[in-house]
Ligand code: SF4
Ligand code: SF4
Ligand SMILES: [Mg+2]
Ligand SMILES: [Mg+2]
Ligand SMILES: [Mg+2]
Ligand SMILES: [Mg+2]
Ligand SMILES: [Mg+2]
Ligand SMILES: [Mg+2]
Ligand SMILES: [Mg+2]
Ligand SMILES: [Mg+2]
Ligand SMILES: [Mg+2]
Ligand SMILES: [Mg+2]
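Residue numbers (the working numbering), protein chains in the order written: chain A, 390 to 771; chain B, 390 to 771; chain C, 1174 to 1522; chain D, 1174 to 1522; chain E, 15 to 110; chain F, 15 to 110.
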């Protein structure tokens, strides 16, 4: 078993789709009166478009694309701070490729690199550590970005740096957590959500219990899902079945990867290195209580915020989002990407205006990349 | 007056040459029994070949090419030390272009640069100072090389660095002085010299009195000369006239540039920054007492020898000169370049074996560049 | 000429190029003669090659002319080196236009400190590949730049060839119903370079597909005389080549995911780094459109050549919308295959 | 075509090239279309230009083919820029072989961070110079490399031209007694670049001599139909060109120092840095050997052209020793003018 | 968010730093196994893990995977049967 | 040794650091005038100096230069007269 192709079997898909159709009918959902299911995770958004699942599933299901792309929810001011750090002559700024093209208020990291900053793409914070070992006379900063899936990797890297006393390594921490924004969305009176597809890889770290409040407090079903198309379809089926049956539970479709209680080593590393910030800013969602992490005082030597006096450590900075950008509304499911007046004209993947057009996980980019315009898609698919 | 073309006038040259011919005849010098005149300075050697003065003057005059090329007399071990300093990652090594191609025992500075050392050619030590100002995180080392003409420039640069407290600037001092090797040559029992053409630009710094011992102690005429062809011819004439008249004096053909007592600012700067070394090694001549300068303890912060623990500061290093190299004999006038078995075969400007083939002031390079082989020259001139 | 050279004492001192080797003097001449012209043996010593070809004088024949700079890093990688690519790439640009490549120029920009050994290897590859393809390297140039002003060595080749009378392979000729063929697996070069570069610390056994396609194109044209258009899918991968062709021809193109030849290792690299193999570079991948009636013949002819063993039918042209490329996915859906935006960046989310 | 372009909103974000502009996607297409093909207007969109020329079909006509990479730093300098040099240099390499330049390719290696404005300027220079010389830039390429992997921009041009039947300008043709002519002052380009580079902190008003020589060569050939050989004296200067010619022809060459046209400022730069102007690079300096009987006619014809106003008779070929170049000095002596060893280094002693 | 891919541990490369070589379709890279470390690291060799940014984040549970696939295949087979029946009915009705 | 060239001071550029602009045949470069400094630096403007590695090392003495040239020209003219006489004599003897 390679745990990939097996979950892309088109024959099995026909079965799941038929079962979904049946349950949608049982619920009585239609295009006019659809069931709203939010996939929280950008990886799920990407997979939905890549495999055309939105068009394979019946019109009675409407996917709402959630805030689960760490690049998309990053406020512009964070990118500005990255650029500020990266442009110091002593700094080698290391980052995942995802963040390279995100526009800051003046420039993206890609442009800062072209302007002369020493910015290097890495696959792993371990590679940034290695760069720090090899460049003892430079300051190596890693752009720590991502949800709970990614947080352990930077926590473990900081612990490793501390063990080696690697004084020239630090992390610009922008890690965020999944449950707070979900709560914020559920508290939004305009939001109409019938259920959730839960983030599979975040859950392998934190387990399934952090979602209990969704079922127990808000009465909404949630199914933690894998990323292959069959995983997603099966999870949608499971959400629909809960709705049909009037249940609200936390279910786990991705049990091959996600243990109920998560990963203890990862959780311990996070707890050792990080602590919650009182509040953190999300692009499109604003400040959300306890939704971000910062480096604990014990590891202050590895905190780029402190080392370079930027970010929350230096007081909040106000950079307004670009004019005409509707990312916030798209991210909260209030409008579809195509509902944004900028979509496809003022905002394209070549020249993204908003963050959702930058990352291939962003809802707008996914729409554009795999469908261009609703009309064109219909045409192309015939 | 531009002080250049005026001293290249071919019509005046005919007059000087006629006068020279007359005095040579009066002395009775012939090709078999020539007058031996040493031009001490490599610049004079270069000019003699560039303007063909050796062929324009009567065969009764034989030029002996002295040790006055600072690049040529530099021992190989000094180049090795330059490479050692230059290859430190923190160092920007700055040098006059002359030193780039001089072979060390493993490589030249040109090759060290190709191997990755940060070596930069500059026109002036002032330019090295400026590089130090602009690169505060790097160690900028200037290769201080040359006779008394050049010494004031590095002394003044070190004083300037001290005023600015430019802690990342230092000089690798290989300055040498003219009078000691002349004395050494005159003490050599094999040497037959009838008179000297004295170095014009060294003299503008030190004046003419440091040569008094040549006339007074050794009874040889010396005429301090300029570098244009008429300057040289006139100086030769003046030397010949002294010989004919049985005089031994220090005369000054280059009075437009050379004051009798030299330049007081330069001399003060040298005295402030430098002190004589007990002894210094000359390629081809060996160790000569008090012939080199080192930086005084007051300026130790600017002394690359101390900073990097190389050179005389770290005890003498023995690197033998390349096998078969006859530079020493050529430099002491014992043989002509063409008398060296390596000349033109094992040693060419493309692949110099000895130092005299590297600098265009070196006697061998000058021979080769402007004359190739005696035969060829004859042929070419017809 | 043979690759063996008489062993003469080298006039090149040391192991690396210095700035002196670019200065226009003897050191430069030594470099050029020992490393370059000694192998390429260009005709004459002038700064321009003088050439005659009967084929060019034929009425209706056209001269084809192309150029490409090659900057691949690292310069040596599994399956080839920058020299081999530089020759193949220019041969291929001529070949996909239906031209028979005749002559090539080669200009080198060399970074101070570049090893002579590397240059020798590159030059040997170029000469070997040129001989194999029946092309002569007739003129060239070398420049040396300071450390940090180039990345070891860049090679720019230009090629001149002749398009026989009556041949017309241009993207504009593609019509709805035409069949798209490729000559073999996709993305090998891009995946090889990603791994060889070392930044991502990946190791694989993949090799670049770097190869000359002129014999393959001739084979296709023989089997499918009405072949419409061909491209070598280099930078930007198959997706970019198809998009360009669709736009130029004003047709839509639909490809079939299941039909795309892909090595598992290339898929592996793409999975690890979050990349799409449709956008990975190739250096010996032909995309050719032929009329349906000639498709099977072309496919068999391709498979009979060295460069076409893995040939496959991957899709077809449709009436429109003009310029649109779509893919029927293995899962049964359909998706757009747009032109890449910038470069593909490794991603984690 | 005219140099004025309609003002359309730029798709190029920011002011500098990023790696995305080399990635094979839309950003690259935008760069190419806005900066390059919009100005050069090459025929067609294929990767190879397809060309026909009547002149090539003439019996006895030869095709001339040449290439050069240009790496000049700084890329813009008094009197020109790297683009102008890249076009002039390749035109000149064709022209000195007696070829009429027809077509040119242009390949750009661009460093990440290079300003779009610089590229626009370079491209405009190239197109202007090509138009002036009657040459078309018909095909090209762009690559983008990371910061520190190139020096802003390198340009490689290749040129194709036709040598009319019967023409034969090759160094091997020079015979003893032939007269050497140059078209104007020497060393301007080399001195300009030395000053413009800034390392030596020199400032002067000298300008590069960078210019196309094809019209000049035609004028010489018209006035001196038996002209023997021509070179453009670029890297290594006049001395290197003469040494190459002397060696190829197996003759000696003697030049006359007094006859050499030199600007005082060029002499000044040489004095300050201890350099010899005979070895300074030129970018529009023709050395041509003609029979004594045609020398005056050639000289006058040269002086009637823009590029030949300062033409001078500088020396002549002698029977031998083969390959030897000497100079009669203004002072009345004679000296060898050998090939440079490496590069000329500024010296203090 | 959070691209994760299955890979197989093929070798322990550094016991102290908890590093191992993982194989993804023939592509290998060193990953940290800190999050899935077993008392005897060599027990990991042969195990499938979920890899994210150079860390093995979770051991893949083969049984759970099999169960999921079984459920999926069940739905697929049921549907095939239904479709076959529908096809048959259609054929009988001459509508195909 | 020691390439030195005559240049003319055209401007004082930095009083404190004793820097001035020197002109050599139309080529300009900043040089130190520390070794030839006058109480009022502006007195140096127009003066000719001998420049070595970016330092004005010596003021050029125009009178001394003129004296040297005079002596040289004297020898040259004497020789021209002699040669003319010789030519004349030769012509008379019909040997030319
Ligand atoms: S189209 Fe652009 S601006 Fe509009 S919501 Fe999407 S990303 Fe934001
Ligand atoms: S020929 Fe070479 S080895 Fe011989 S003396 Fe001259 S420099 Fe020295
Ligand atoms: Mg091309
Ligand atoms: Mg190509
Ligand atoms: Mg060339
Ligand atoms: Mg490099
Ligand atoms: Mg398209
Ligand atoms: Mg050329
Ligand atoms: Mg050329
Ligand atoms: Mg190209
Ligand atoms: Mg650069
Ligand atoms: Mg020669």
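Quick reminder that beta carbons are idealized off the backbone N, C-alpha and C, glycines included. Because the structure is a prediction, the values reported are computed rather than measured.
- Taking the C-beta atoms as reference points, residue 619 of chain B is found nearer than 8 Å to residue 398 of chain B.
- With 16 or more other CB atoms across the displayed protein chains lying within 10 angstroms of its CB, residue 1235 of chain C is buried.
- Excluding five sequence positions before and after residue 614 of chain A, the CB atoms of its chain that fall closer than 7 Å to its own CB belong to 433, 586, 587, 589, 620, 621, 624, 642 and 643, given in chain order.
- For the pair residue 1520 of chain C and residue 490 of chain A, the Cα-to-Cα distance works out to about 11 Å.
- When the Cα atoms are used, residue 436 of chain A and residue 617 of chain A turn out to be separated by approximately 7 Å.
- With a cut-off of 7 Å, the C-beta of residue 463 of chain A is classified as distant from ligand 1, since no heavy atom of the ligand falls inside that distance.
- Each residue's CA atom was taken as its position, placing residue 1247 of chain D and residue 559 of chain B some 30 Å apart.
- The beta carbons of residue 1511 of chain D and residue 1220 of chain C sit no closer together than 8 Å.
- At a Cβ-Cβ threshold of 8 Å, residue 599 of chain B and residue 557 of chain B do not count as neighbours.
- At least 8 Å separates the beta-carbon of residue 1238 of chain C from that of residue 1352 of chain C.
- DSSP places residue 1462 of chain D inside the beta strand (DSSP E), whose first and last residues are 1459-1463.
- Around the beta carbon of residue 504 of chain A, 16 or more other beta carbons lie within 10 angstroms, which makes this residue buried.
- For residue 1293 of chain D, the closest Cβ of chain A is not nearer than 8 Å.
- If you check the CB distance, residue 632 of chain B and residue 583 of chain B come in under 8 Å.
- Cβ contact annotation for residue 737 of chain A (same chain, cutoff 8 Å, sequence separation greater than five): 746 and 757, in chain order.
- Between the stretch 1287-1303 of chain D and the stretch 1362-1370 of chain D there are fewer than three C-beta pairs closer than 8 Å, too few to call the two in contact.
- If you look at residue 1260 of chain C, you'll find it in the alpha helix (DSSP H) that goes 1255-1268.
- Residue 1415 of chain D and residue 1428 of chain D have their C-alpha atoms spaced approximately 9 Å apart.
- Checking the DSSP bridge columns, you'll see residue 453 of chain A partnered with A:427.
- Relative to ligand 1, residue 663 of chain A has its C-beta separated by 7 Å or more from all heavy atoms.
- Measuring C-alpha to C-alpha distances from residue 22 of chain F to each of F:48, F:32, F:62 and F:16 identifies F:62 as the nearest.
- Taking the CA atoms as reference points, residue 1205 of chain D sits about 46 Å from residue 593 of chain A.
- DSSP links residue 1507 of chain C through a beta bridge to C:1501.
- Note on residue 1515 of chain D: 16 or more other CB atoms within 10 angstroms of its CB, so buried under the neighbour-count rule.
- Within chain E, the residues whose beta carbon sits less than 7 Å from that of residue 1378 of chain C are 40, listed in sequence order.
- By the C-beta density criterion, residue 497 of chain A is buried, having at least 16 other C-beta atoms within 10 angstroms.
- Inter-residue distance for residue 549 of chain B and residue 596 of chain B is about 25 Å (C-alpha atoms, whole angstroms).
- When A:527, A:518 and A:713 are compared, the shortest CA-CA separation from residue 542 of chain A is found for A:518.
- At a beta-carbon threshold of 9 Å, the residues of chain B lying near residue 1190 of chain C are 503, ordered along the chain.
- Distances between the C-beta of residue 742 of chain A and the heavy atoms of ligand 1 include at least one below 7 Å.
- Contact note: residue 694 of chain B does not reach chain F at a C-beta cutoff of 9 Å; the least C-beta distance is about 21 Å.
- For residue 758 of chain A, the shortest C-beta to heavy atom distance toward ligand 1 is 7 Å or greater.
- A residue is called buried once 16 or more other Cβ atoms fall within 10 Å of its Cβ, and residue 507 of chain B is buried on that count.
- Not a single C-beta of chain D is nearer than 8 Å to the C-beta of residue 1205 of chain C.
- Closest in alpha carbon position to residue 1226 of chain C, among D:1297, D:1222, D:1233 and D:1224, is D:1233.
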